[in-house]
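Below is one structure; the comments refer to it alone.
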Amino acid sequence: MDLVGRLKQYPSFSKMPQDRQEIFARLAVSFEEASDMAIFLSPMELTEKLGIGNRQLWQEFINFEPVVQFIRAELAQAASVASRKTFQSLNKEAITGNVQAARQINELAGVFGSGDRNKIIVLHRIDRGNRDGN
């Protein structure tokens, strides 16, 4: 779903004055079209680079919950792509005999294999000896 669609589904967006909704919708279109760079920019940089709005509007816009969620999703996707590219590069190095690359692959494999649903359980056994103090 596009960013404007996300905005329209958010309850507090429909409670905004009509002119504010239109402004946010225009900001959303500009932001989404430039999302590859826009997600990394400050409100002042967004004003300068995108040529729309002002610092205050962008500040409110990027802190609006559906936009925050959009930015998180974009960053997560970028991180996933970067991880896969790193893994591919390390794999090429490991094939050529680079031991450090092979170690890093093992570490990354653990990161890729662990999700938010996985939990680590640590069990400890405490040897208390026998009951008579020995």
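Using our numbering, the first residue of the sequence shown is number 2, and each one after it goes up by one. The beta-carbon is built from N, C-alpha and C at its ideal position, and this holds for glycine as well. If you're wondering where the values come from, they're calculated on a predicted model, not measured in any experiment.
- Short of 6 Å from the beta carbon of I106, and not among the five residues preceding or following it, lie these beta carbons of its own chain, in chain order: L91 and A95.
- Within the region 49-115, the complete alpha helix (DSSP H) runs of at least 4 residues fall at 56-63, 66-96 and 100-114.
- F41 carries a coil assignment under DSSP once its states are collapsed to helix, strand and coil.
- For T48, same chain residues with a beta-carbon under 7 Å away, outside a window of 5 residues either side, are G54, N55, R56 and W59 in chain order.
- In the DSSP assignment, A26 falls within the unbroken alpha helix (DSSP H) covering Q19 to E34.
- Shown here for S15: same chain residues with a beta carbon closer than 8 Å to its own, the five before and five after excluded, namely K9 and Q22 in chain order.
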